[in-house]
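**Q** Anchor point for the sequence shown: position 206 equals 206 in UniProt numbering, and the numbering is continuous, going up by one each time. We treat Cβ as the ideally placed atom computed from N, Cα and C, and that holds for glycine. Following this message is one structure expressed as structure tokens.
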Amino acid sequence: PEAALTEALALLADDDWEKKIEGLNFVRCLSAYHATVLTAKLHETSLAVAQEVKNLRSGVSRAAVVCLGDLFTYLKKSMDQELDNTVKVLLHKAGESNTFIREEVDKALKAMVNNVTPARALCSLINGGQSHLHSAVRRCTAQHLSDIVERMGPERILSGTKVVADRVFPAIARFAQDSSQQTRYYGRKMLFSMMTHPDFDKTLEKYVPTKDL
1 PEAALTEALA LLADDDWEKK IEGLNFVRCL SAYHATVLTA KLHETSLAVA QEVKNLRSGV
61 SRAAVVCLGD LFTYLKKSMD QELDNTVKVL LHKAGESNTF IREEVDKALK AMVNNVTPAR
121 ALCSLINGGQ SHLHSAVRRC TAQHLSDIVE RMGPERILSG TKVVADRVFP AIARFAQDSS
181 QQTRYYGRKM LFSMMTHPDF DKTLEKYVPT KDL
């Protein structure tokens, strides 16, 4: 398996797109059956895969998106350290016109939300997409953020670490006022889900400027 990983990385670095896809499929197999081998070189591997998400050839890009989904699924919290880069490239792909790629991006981000540490996922989504100029990227960010907020529940968000509340509340307030109706929907959905918590009003006032309330 170690040799297979070395070969997979060499294939990813090749200029031939068919070899890149072969390399991505190798990484997917390793993530499913030899996760420990991947963990040893996870940073290098996830950087190489994330780089191919940006590939202009849609076949390579799509294979890389699917591959990241598998890395989240099988390596779970080991991927926590790799979130900022991987989530950002996935979110930026959500602005693509290619429906197939957008669907795969959604699946990969769902796998991320379901398998990594929620607070880490939360911050990486906010960092990666909350102020993106493309409305589709903001909608995608708000949608997956809303899934995490639901998973964590109001108690963990409002009574959890200051870092979480610090990041989440201003982001949700921005989404609730977004120019896109779908993004506003997710923003409001998150606010409603936390309204029942006794500390909600106090926290909202603390983190969100009065003009945004």
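Going by alpha carbons, who is nearest to K202 out of T183, D178, A165?
**A** Checked all of T183, D178, A165; the closest Cα to K202 is A165.
**Q** For the alpha helix (DSSP H) holding A48, just list the boundary residues, first then last.
**A** First-last of the alpha helix (DSSP H) with A48: 42 to 53.
**Q** Go through its chain and collect everything with a Cβ distance to H134's Cβ below 7 Å, but skip five positions before and after it.
**A** For H134, where only same-chain residues beyond five positions count, the Cβ hits under 7 Å are G95.
**Q** Return helix, strand or coil for S179, following the three-state DSSP convention.
**A** S179 falls in the coil class under three-state DSSP.
**Q** Could you tell me whether the Cβ atoms of T183 and A121 are closer together than 8 Å?
**A** Not in contact: T183 and A121 (Cβ atoms no closer than 8 Å).
**Q** If you follow the alpha helix (DSSP H) that V66 is in, where does it begin and where does it stop?
**A** Segment 58 to 75, the alpha helix (DSSP H) holding V66.
**Q** Would you please state the rounded distance, in angstroms, between the beta carbons of G59 and L91? I believe it to be under 8 Å.
**A** That belief does not hold up - the Cβ atoms of G59 and L91 are roughly 21 Å apart, past 8 Å.
**Q** Return the CA-CA distance between L24 and E104, expressed in angstroms with no decimal places.
**A** Their Cα atoms are separated by approximately 15 Å.
**Q** Given this structure, state the Cα-to-Cα distance separating F100 from K107, to the nearest angstrom.
**A** Their Cα atoms are separated by approximately 11 Å.
**Q** Where does D70 land, buried or exposed, given buried means 16+ other C-beta within 10 angstroms?
**A** Buried, by the Cβ-count rule.
**Q** With DSSP collapsed to three states, give me the class of P198.
**A** P198: coil per DSSP, three-state reduction.
**Q** Start and end of the alpha helix (DSSP H) containing G23?
**A** Its alpha helix (DSSP H) spans residues 17 to 33.
**Q** So for D14, helix, strand or coil by DSSP?
**A** Residue state, collapsed to three classes: coil.
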